[in-house]
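Enquirer:
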Amino acid sequence: MQWIKLALAFMVDLFFGCHHKHLSRPFTIEDRSYKICLDCGQEMPYSVEAMRLLRPWEVLRAERARRTATFPATAPAGLEAALHSVPADKHGSGWRAVA
2 MQWIKLALAF MVDLFFGCHH KHLSRPFTIE DRSYKICLDC GQEMPYSVEA
52 MRLLRPWEVL RAERARRTAT FPATAPAGLE AALHSVPADK HGSGWRAVA
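The structure is reproduced here in structure tokens:
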């Protein structure tokens, strides 16, 4: 029954909702560019390189690329050596309190 309400709401919004004709200039904040509809306030992703609004699959592709670039699969080689060089405390946790 919920999907019927969602389908009807989509149809009403499609015919009577905002068609995003009045857009702001592009904003870029924290490596994210977007335009805002001045009628309804919805943010729409914007590409500064292509100078156009992004399609949903382009947004997903960019987020996936950003995630893999931010969180590499392996840690740097020196990090593991630095962690093992810390002397163990009396409980053997590998960390010690700094006085």
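Just so we're on the same page, the working numbering is the position in the sequence shown counted from 1, plus 1. For every residue, glycine included, the Cβ atom is placed at its ideal position computed from N, Cα and C.
#1: In whole angstroms, what separates the C-alpha of K6 from that of R53?
#2: Do H20 and M45 have their C-beta atoms closer together than 9 Å?
#3: So what does K36 bridge to, in DSSP terms?
#4: If I measure Cβ to Cβ from A100 and keep anything under 8 Å in the same chain, skipping five residues before and after, which residues do I get?
Expert: By the coordinates alone:
#1: For the pair K6 and R53, the Cα-to-Cα distance works out to about 33 Å.
#2: In this structure, M45 does not lie closer than 9 Å to H20 by Cβ.
#3: M45
#4: For A100, the predicted model reports a pLDDT of 48, less than 50, meaning its position is unreliable and no value from the coordinates is stated.
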